[in-house]
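K.L.:
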Amino acid sequence: MAGTRTFTDVKHGGRYVASSPISAAKKAGRQHMGTGRSIVIHLRETTAGSAHHEYKYRVKRSKMRVPKIVERDGVEIVYKYTTVAKAI
105 MAGTRTFTDV KHGGRYVASS PISAAKKAGR QHMGTGRSIV IHLRETTAGS AHHEYKYRVK
165 RSKMRVPKIV ERDGVEIVYK YTTVAKAI
């Protein structure tokens, strides 16, 4: 997969493949957040040949003002929340 990088969550464990560290942080946040409102994600890049930089993000789950409705295979899916990440 061209343009993909791998990241490991230092605090909670887990390996994430994404094009950017913020995308990996959002994936980790959605997986580890549960019912909470925010979580701190500490990632280390583990791509072969990289400098193994470390990144920290605060990931929040926020409710959208207008839910997004998508139809997939004849089934209507409603998305009520979005995931927002900010570097700290």
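Mapping to my numbering: the sequence shown position 14 is 118, numbers consecutive.
Yeah, the Cβ is synthetic: ideal placement off N, Cα and C, and Gly gets one too.
Are the segment 130–139 and the segment 148–156 in contact at 8 Å, needing three or more beta carbon pairs?
P.N.:
Short answer: they don't touch.
K.L.:
Using alpha carbons as the reference points, say which of Ser127, Ala191, Met168 and Lys160 lies closest to valine 182.
P.N.:
Of the candidates Ser127, Ala191, Met168 and Lys160, the one whose C-alpha sits nearest the C-alpha of valine 182 is Met168.
K.L.:
Can you check whether the CB of tyrosine 161 is closer than 7 Å to the CB of alanine 122?
P.N.:
Against a cut-off of 7 Å, the Cβ pair of tyrosine 161 and alanine 122 comes out as no contact.
K.L.:
Figure out for me which residue from Arg141, Glu158, Ser142 and Ser154 has the closest Cα to the Cα of aspartate 113.
P.N.:
If we check each option's Cα against that of aspartate 113, Glu158 comes out closest.
K.L.:
Determine the DSSP secondary structure at serine 142, reduced to helix, strand or coil.
P.N.:
Note: serine 142 maps to strand in three-state DSSP.
K.L.:
Out of curiosity, what's the CA-to-CA distance linking isoleucine 145 and arginine 176?
P.N.:
One C-alpha to the other measures close to 31 Å.
K.L.:
Determine the extent of the alpha helix (DSSP H) in which alanine 132 is found, giving its start and end residues.
P.N.:
Run containing alanine 132: 125–137, per the alpha helix (DSSP H) assignment.
K.L.:
Can you look up threonine 151 in the DSSP assignment and give me helix, strand or coil?
P.N.:
Coil at threonine 151, not helix or strand.
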